[in-house]
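In my numbering, the protein residues as written are 4 to 282.
Structural data, given as structure tokens:
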């Protein structure tokens, strides 16, 4: 069974670690810049290779490499759902960006997106990492009301997902570090955590999805990039992220007509907050 958890980390509790994470993510991002052209070529080549039929039983730190039959392994590759929160436009100038709630249209759009994920077979992740912002939490809440099994996933509300989304080019590395770290720190659960949903903000979410997919990905509010690992020999999330060989299987959307809102010009449109706050 899945472990049900609601761990909400406050902004104050995470403030002391964000600076260190920023420097580490920045150094990683700089290291990746020099090999970006060749890594994109390698990714396109890897995307057409089959997932290996078997993996050994060796360990990497606390992460246990899985052993599975060909059928079981091929039916459960590593998958990521990079989901942008739903619409949160507001005319309340006194409300902090972090605290903006969903609009009524935004709640409907979140529910519709969830229904689309159910239809595609992507609505029951094993692990959910959600920005601690109000609009992100409410997006997840509407999705759980639409599809109760989603509420069984282990869920972490994280202030760092809000902070990193506003930083140029750092979100993908932060997601890699956070997902792999959580899985390994709690006993090496790569065999049980096969699908991860991350809920957060632009600009970081579009940048991260584009980085993972090796192609431009656009995410409007209540959109989700669906990514599947397409490399070879990765038995842990850390190894999958090292290869960075992800195939974009599609972008799930709510399917509603976009609303016309009086506050579009004030807040940038499309549910976005005043930059450089995450959108």
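We put the beta carbon where it would ideally sit given N, CA and C, even for glycine.
- In this structure, residue 138 and residue 107 do not form a Cβ contact; the two beta carbons are roughly 13 Å apart against a cut-off of 8 Å.
- Looking only at 176, 239, 193, 213, the smallest Cα-Cα distance to residue 129 is reached by 193.
- Of the residues 79, 86, 80, the one whose Cα lies closest to the Cα of residue 207 is 86.
- Per the DSSP secondary-structure output, residue 227 pairs in a beta bridge with 86, 255.
- Residue 250 is bridged by DSSP to 231.
- Two segments are said to touch when three or more pairs of C-beta atoms, one from each, lie closer than 8 Å; by this definition the stretch 112-127 touches the stretch 205-225.
- Residue 201 sits in a strand when the DSSP states are folded into three classes.
- Annotation for residue 122: the continuous alpha helix (DSSP H) segment containing it runs 107-123.
- When DSSP states are grouped into helix, strand and coil, residue 164 belongs to the helix group.
- Using a Cβ distance threshold of 8 Å, residue 201 and residue 143 do not count as a contacting pair.
- Shown here, residue 245 sits in a helix according to DSSP, grouped into three states.
- Annotated three-state conformation of residue 281 is coil, per DSSP.
- The criterion of a C-beta distance shorter than 8 Å is not satisfied by residue 252 and residue 210.
- If you draw a straight line from the Cα of residue 257 to the Cα of residue 157, it is about 24 Å long.
- The residue from 219, 147, 179 with its alpha-carbon nearest to that of residue 83 is 179.
- In this structure, the CA atom of residue 183 is about 30 Å from the CA atom of residue 105.
- Assignment of residue 151 by DSSP, reduced to helix, strand and coil, places it in the helix class.
- Residue 111 holds the alpha-carbon nearest to the alpha-carbon of residue 148 among 100, 134, 122, 111.
- Where residue 177 is concerned, the enclosing alpha helix (DSSP H) starts and stops at 174-188.
- Counting C-beta atoms within 10 angstroms of its own C-beta, residue 188 has fewer than 16 neighbours from the protein chains shown and is therefore classed as exposed.
- Membership of residue 215 in the alpha helix (DSSP H) is indicated by the continuous run 207-216.
- Within its own chain, the residues whose Cβ lies closer than 6 Å to the Cβ of residue 214, once the five positions on either side in sequence are excluded, are 175, listed in chain order.
- Under the 10 Å beta carbon count, residue 281 is surrounded by 16 or more other beta carbons and is classified as buried.
- Only exposed fits residue 236, as fewer than 16 other CB atoms lie within 10 angstroms of its CB.
- Taking every protein chain shown into account, the CB of residue 190 has fewer than 16 other CB atoms within 10 angstroms, so this residue is exposed.
- For the pair residue 123 and residue 255, the CB atoms are nearer than the 8 Å cut-off.
- Beyond the five residues adjoining it in sequence on each side, residue 195 comes within less than 7 Å, by CB distance, of 129 in the same chain, given in chain order.
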